[in-house]
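Protein chains in written order, with this note's numbering: chain A, 48 to 609; chain B, 11 to 329. No residue lacks a Cβ here, since even glycine has one placed at the ideal position from N, Cα and C. Keep in mind the model is a prediction, meaning the values are calculated, not measured. Here the structure comes first, spelled out in structure tokens, and everything after it is commentary.
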């Protein structure tokens with residue numbers, strides 16, 4: 048299984064912009080952890096780039112439930128990192144500003160009603176198998192996405208990126224038009240993601256399952272997908288024909304420097320780190336942030352640690368505020384926000400330099416608004432709120448009201464330091480946070496059964512629209528979670544703000560709507576941000592030109608080994 | 011003798027069937043299903059899908075059939091060597107997955123078994139042969155220590171020194187003889203300790219036997235008596251635990267292959283359990299049971315050959 052064959056891939060972003068959807072503001076690198084910045088920690092140093100060589104990268108274990116490298120179907124962020132380097136997208140997103148920049152498309156227009164997106168493609172781009180990447184190929188991709196959503200019964204991850212997409216057609220060989228039934232302003236950002244990367248459309252003749260295992264996948268990137276062996280490795284080879292479609296955001300506009308890139312899966316953190324420090328691998332790319340202790344080990348060996356916040360929804364808790372539950376009382380929800388010390392959480396769990404979460408989005412998300420003032424630690428305020436609401440402290444130190452104990456159930460899959468720290472913080476103000484360890488069976492049913500008071504989730508995408516797939520019951524990945532998280536009036540308001548943001552083609556309006564949304568979610572205590580999600584990578588001293596994409600994935604165009 | 015063999019074979023087949031059935035029951039009694047898990051891993055809940063979509067999903071994996079029907083289908087297919095398709099691995103036939111990986115695990119278990127016999131047997135021999143009391147005591151207690159160390163600890167300890175400090179052996183991978191050394195060593199610490207414990211005990215008992223005294227009285231050296239006379243007798247109980255040791259190497263491979271990143275059956279087992287990839291788990295358990303049963307069957311059949319007393323007793327019993 049697993050094999051795929053060599054192809055080449057060209058293209059990435061390049062210049063000339065037209066409508067640059069500006070992602071409002073912020074996107075800071077500030078969100079990045081101690082060391083690094085978005086576009087290239089160790090880049091630039093080390094002199095003239097050296098060509099050739101194999102880059103060895105170690106991930107944590109492959110996805111246990113869904114082995115897949117097909118761009119449209121993949122949600123696994125490690126594989127999105129791999130895809131970024133063999134398949135190009137219509138547009139690219141600047142990691143520093145969130146702006147949408149040209150890539151396969153040199154320019155684009157969005158109609159006033161927001162229902163038509165027209166992209167003007169770069170000339171002469173080919174897939175690694177030699178097939179032309181023209182307007183028809185792009186339109187066929189769009190049809191492939193729509194068909195895949197059907198074939199997978201709506202489970203394909205990319206479905207959330209093409210909401211409202213009805214069809215696409217080639218207007219002329221260099222112009223492709225996407226038609227929507229409802230406006231979807233996040234589509235432009237979507238067109239920059241790996242999920243909507245353009246592949247040779249003949250791949251859509253394969254079944255979604257076969258595509259997942261790599262069958263028939265040819266992109267236009269600087270590398271080609273050589274093969275994917277689930278649980279073992281994904282190997283990329285340099286494209287053997289010239290790469291002509293680099294993104295405007297990379298320095299090296301030509302062929303990749305590296306000959307080959309091998310990604311493997313190592314379960315044990317200490318083994319991955321040891322392999323890095325002993326020079327067996329070049330980059331350690333774990334899912335969970337590298338611990339402060341391991342960072343010391345890595346730095347002592349001369350390697351560096353790069354980090355950047357993952358854009359999208361931060362690691363955030365959502366309440367079950369449905370009638371009869373403790374958290375239907377706004378006073379308790381506000382008290383929890385005040386009693387949660389996210390700064391201490393970041394320091395204790397992840398180390399002193401770790402960024403502190405500042406809202407429902409991580410700081411690298413376009414339109415991010417810093418809500419840290421409202422999330423400030425204020426245990427006295429929390430106690431005041433609870434006292435005023437009639438929650439009295441009992442002999443055991445926990446509060447109750449009219450015989451109802453102030454007990455909050457937080458389901459966890461295993462005991463770990465984070466939830467226990469929260470438990471301790473809430474105990475200070477008399478809230479009893481009960482950690483309920485779920486059995487495997489319960490993990491898939493507790494949400495629909497409503498058997499929780501708090502639960503947590505996140506969503507990686509460099510667009511605030513990501514939160515719709517958690518909080519908007521019409522789109523949510525879990526209807527139960529969305530419906531329980533807020534009152535019907537609040538849900539209506541949330542949907543209204545999303546609609547304003549998504550349906551507008553005026554960027555200022557979108558920015559305003561997203562700012563209002565973030566304020567509203569915190570003001571109403573609908574979100575309980577816990578920590579910023581940070582992608583960290585240990586990078587050996589011989590690696591130069593390391594860069595993160597706007598989605599905090601690894602970008603290899605400028606990377607070389609000395 | 012024919013009846014003895016037939017009885018053993020029937021027993022082996024019954025054990026195999028029971029393993030299959032019990033595993034099937036356990037996996038299917040779990041109230042969650044692979045569809046939910048697969049969606050769950052993508053952050054989706056089943057309530058996102060319409061009932062039609064959900065039904066289509068279940069039909070795809072044959073989960074819409076009744077439980078007895080699914081059981082019979084699986085059993086009949088398994089008898090034909092077909093364990094269905096993996097759910098997590100996008101419909102890849104389970105037998106393909108197993109054949110791809112069995113070589114890696116086989117190498118590991120064979121290497122571990124050889125090391126086990128050499129280390130465990132050697133230790134037992136030396137421990138019972140030396141006459142200096144303190145050393146004898148030390149060597150006799152050693153297996154208890156070896157059996158107590160957690161395997162992940164031994165594995166990480168070995169990696170730390172042999173890979174990261176000295177750079178002699180690769181910490182990960184399943185290619186080449188070098189990659190085999192540490193995993194096999196890790197497993198054999200446990201298995202050879204078990205073997206040594208049993209062997210030491212039976213050596214001690216054998217040494218009390220009168221034929222040992224006779225042999226010595228005939229003028230044979232201690233070494234010759236130990237090696238030729240005692241070993242053969244003392245090895246019988248060790249044969250019995252051979253099945254247990256094979257079982258240990260199989261279960262150990264789950265931990266060891268995960269730590270050393272070897273793409274074998276053990277690693278597959280760990281991942282398949284996590285993802286509740288029922289067809290794969292079922293096949294692996296059945297395979298492990300088959301190995302276990304076969305080894306024990308072979309041991310049972312070898313007994314009469316190694317120890318004529320056993321066959322003799324049988325004959326008498328059936329007479």
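Check: If we count Cβ pairs, one from each stretch, closer than 8 Å, do we get three or more for the stretch 498-506 of chain A versus the stretch 355-371 of chain A?; Outcome: yes
Check: Excluding the five sequence neighbours on either side, which residues of its own chain have a C-beta within less than 7 Å of the C-beta of residue 609 of chain A, listed in chain order?; Outcome: 93, 97, 589 and 591
Check: Looking at chain B, is there any beta carbon in it that lies within less than 8 Å of the beta carbon of residue 585 of chain A?; Outcome: no
Check: Counting only C-beta atoms, is residue 88 of chain A closer than 8 Å to chain B at any point?; Outcome: In this predicted model, residue 88 of chain A has a pLDDT of only 42, less than 50, meaning its place in the structure is not dependable; the value taken from the coordinates is given anyway. No - not a single Cβ of chain B is within 8 Å of the one on residue 88 of chain A.
Check: Express the C-alpha separation of residue 45 of chain B and residue 312 of chain B in angstroms, rounding to a whole number.; Outcome: 47 Å
Check: Between the Cα of residue 480 of chain A and the Cα atoms of A:468, A:456, A:486 and A:489, which residue gives the shortest distance?; Outcome: A:456
Check: In three-state terms, what does DSSP make of residue 65 of chain B?; Outcome: helix
Check: Would residue 51 of chain A count as contacting chain B if we go by Cβ distances under 8 Å?; Outcome: Because residue 51 of chain A sits at a pLDDT of 36, beneath the cut-off of 50, its placement in the model cannot be relied upon, and the following sentence gives the value as read from the coordinates. Chain B contact via Cβ: absent.
Check: Might you give, ordered along the chain, the residues of its own chain that have their beta carbon closer than 8 Å to the beta carbon of residue 58 of chain B, omitting 5 neighbours on each side?; Outcome: 49
Check: Counting C-beta neighbours from all protein chains within 10 Å, is the total for residue 28 of chain A 16 or more, i.e. buried, or is it exposed?; Outcome: With chain A represented from 48 up to 609, any question about residue 28 of chain A goes unanswered, as that position is not in the structure.
Check: Can you find at least 3 beta carbon pairs, one from the stretch 100-107 of chain A and one from the stretch 301-321 of chain A, that sit closer than 8 Å?; Outcome: yes
Check: Rounded to whole angstroms, how far is the Cβ of residue 355 of chain A from the Cβ of residue 333 of chain A, which I believe are closer than 8 Å?; Outcome: With a Cβ gap of about 14 Å, residue 355 of chain A and residue 333 of chain A do not count as contacting.
Check: Just to confirm my understanding: we take residue 189 of chain B, look at its own chain, exclude 5 residues before and 5 after, and list those with CB closer than 6 Å. What are they?; Outcome: 180 and 183
Check: My parser needs the alpha helix (DSSP H) runs of 4 or more residues fully inside the stretch 152-223 of chain A; what are they?; Outcome: 182-198
Check: Anything in chain B within Cβ reach of residue 277 of chain A, meaning under 7 Å, just list it in chain order.; Outcome: 99
Check: Using a Cβ cut-off of 8 Å (strictly closer), state whether residue 164 of chain B contacts chain A.; Outcome: no
Check: Short of 6 Å in beta carbon distance, which residues of its chain neighbour residue 125 of chain B, apart from the five on each side in sequence? Order them along the chain.; Outcome: 194 and 198
Check: Just verifying my parser: in three-state terms, what is the DSSP assignment at residue 272 of chain A?; Outcome: strand
Check: By Cβ distance, which residues of its chain are closer than 7 Å to residue 206 of chain B, with the 5 residues on each side in sequence left out?; Outcome: 130, 133, 134 and 153
Check: Note the first and the last residue of the continuous beta strand (DSSP E) segment covering residue 446 of chain A.; Outcome: 446-448
Check: In this structure, does DSSP put residue 281 of chain A in helix, strand or coil?; Outcome: strand
Check: Helix, strand or coil: how does DSSP classify residue 234 of chain A here?; Outcome: helix
Check: Using alpha carbons as the reference points, say which of B:169, B:214, B:260 and B:264 lies closest to residue 247 of chain B.; Outcome: B:214
Check: Three Cβ pairs or more, each shorter than 8 Å: is that satisfied between the stretch 301-308 of chain B and the stretch 256-271 of chain B?; Outcome: yes
Check: DSSP on residue 119 of chain B, reduced to helix/strand/coil?; Outcome: helix
Check: Between A:280, A:175, A:498 and A:322, which lies nearest to residue 271 of chain A when the distance is taken from Cα to Cα?; Outcome: A:175
Check: Once DSSP output is grouped into helix, strand and coil, what is the label at residue 135 of chain B?; Outcome: helix
Check: Ordered along the chain, which non-local residues of its own chain (more than five positions away) have a Cβ less than 6 Å from that of residue 203 of chain B?; Outcome: 153, 156 and 157
Check: Within 10 angstroms of the Cβ of residue 287 of chain B, are there 16 or more other Cβ atoms? Answer buried if so, exposed if not.; Outcome: buried
Check: Where do the ends of the beta strand (DSSP E) carrying residue 480 of chain A lie?; Outcome: 479-484
Check: Do residue 135 of chain A and residue 267 of chain A have their CB atoms nearer than 8 Å?; Outcome: yes
Check: Any residues in the stretch 195-208 of chain A with a beta carbon nearer than 8 Å to a beta carbon of chain B? Which ones, in chain order?; Outcome: 200, 201, 202 and 204
Check: For residue 273 of chain B, return the contacting residues in chain D, with the cut-off set at a CB-CB distance below 7 Å.; Outcome: This model lacks chain D altogether; the protein chains it does include are A and B.
Check: At the level of alpha carbons, what is the spacing between residue 94 of chain B and residue 421 of chain A?; Outcome: 55 Å
Check: Is the Cβ-Cβ distance between residue 330 of chain A and residue 322 of chain A less than 8 Å?; Outcome: no
Check: List, in chain order, every chain A residue whose beta-carbon is nearer than 7 Å to that of residue 113 of chain B.; Outcome: Correct list: empty, because the minimum Cβ distance to chain A is about 13 Å.
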